[in-house]
Structures are given as C-alpha cells and as structure tokens.
Amino acid sequence: MFAGTVLRCHGLRGDVVARMFLAGPVVALPAGTVLSVGGREMVLARCAVRDARRINLGFDGVDSREAAAPLAGLDIALSRGAALAIGGFRPLDLFTGMKLVSSRLEGVVLEVDPEPANPLVAVDAGHGRRFEVPVSLLLSIGEIDWAGGAVRVELPVGIEDLD
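Positions 13 to 175 (the numbering used here) are the ones given, in order, by the sequence shown.
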C-alpha cells in the first residue's frame, strides 16, 4: 500500500527525505523495516522524523548522495501487515476497502485522495451513490478498527448528497 513519496537526497550518507501520507503525524520506522521504493524492496537502516509529514530514511546499500539521487520522485509502499505492526504508523491507504458504517447508510471506501490539505476518502454507498468524507472527520469522531477494516461514524446529515 502507498505510504509516501521520496522528495530528495539528504546529507552525504545516502539518506532521503520523504513526504508521508498518514492518518496522523509521522512516526519513526524501525530499522529493518522492508519498504518498496519504486517497486524495489529496500531494507531501512535508519530513520528520523523531520516534522509531522516528512521523514528522513536511510537504506541498506545506499551509502552516498549519488546512490540516493535516483530514488527522488519514487513512491514508497509497504504491506498492510507491516503498516499495522508499526505502532501509530497508519498510511491513508489503509482506509481503502474499509467498510464505513453510519446509522443512515453503509458503504465501502473506494479510494483515498491524500493530496488536499484535508485528505478525502471516496465512499461507495451502493445504487450508484458515491460521496467523499474528510479523513479528519473520520479521525475525530469515528471509531476506526484498523485491523478489522471498518470505521463507524455518524456522518453529518446530507454529506452523502454532496458531489
């Protein structure tokens, strides 16, 4: 599942700066975590949090700026199981496929748009009805079962009618 994008090289040791798309602030990933970077499996050697959305990553076998330069612009992904095993690390893509339950409707999260200032999930409520819900709403008033793949939330009246 998609978790972020490598922005650029950082320092002389081959580290990179990555922008992460998470449901919450960035947390440090443990050394030894296997990430897919541009489709290539890479083992994390070191990690440092820069701010709420950016992280420094160093990988085994990448030991210079020259070796890290081709990673810029590549997507970072990891397995669902690996993401759930890291405390507090919740890529927005974990919402994809979740069942959304409200007193008025049930639906399935089709996709996540991580780019806006307030990321959105697109929900299929059946019968051709599709609507978007801000991730911030789900995080603030929803009950999220990350491992079980479900979110229970009382949606504001009329949100399912917005396009």
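Virtual Cβ for every residue (Gly too), placed ideally from N, Cα, C.
Under the criterion of beta carbons closer than 8 Å, glycine 50 and leucine 90 do not qualify as touching, at roughly 13 Å. Cβ neighbours of glycine 44 within its own chain (closer than 7 Å, five residues either side excluded): Val55 and Leu56. Between the alpha carbons of glycine 99 and serine 148 lies a gap of roughly 19 Å.
Spanning the alpha carbons of arginine 66 and alanine 129 requires a straight line of approximately 15 Å. With 16 or more other Cβ atoms from the protein chains shown falling within 10 Å of its own Cβ, arginine 102 counts as buried.
Ranking Arg77, Ala95 and Arg58 by CA distance to the CA of asparagine 68 puts Arg58 first. Looking at the DSSP output, serine 48 sits in a beta bridge with Glu53 and Ala89. In the structure shown, valine 147 adopts helical secondary structure according to DSSP, grouped into three states. Residue environment analysis places isoleucine 153 among the exposed positions, since fewer than 16 neighbouring C-beta atoms fall within 10 angstroms of its C-beta. Between alanine 137 and leucine 117, the alpha-carbon positions lie close to 7 Å from each other. The beta-bridge partner set that DSSP reports for threonine 17 consists of Arg31 and Asp87. Under DSSP, aspartate 125 takes part in a beta bridge, and its partners are Leu132. Judged by DSSP secondary structure, arginine 164 falls within the beta strand (DSSP E) whose first and last residues are 162-164.
Contact check for valine 135 against valine 113 fails: the beta carbons are separated by 7 Å or more.
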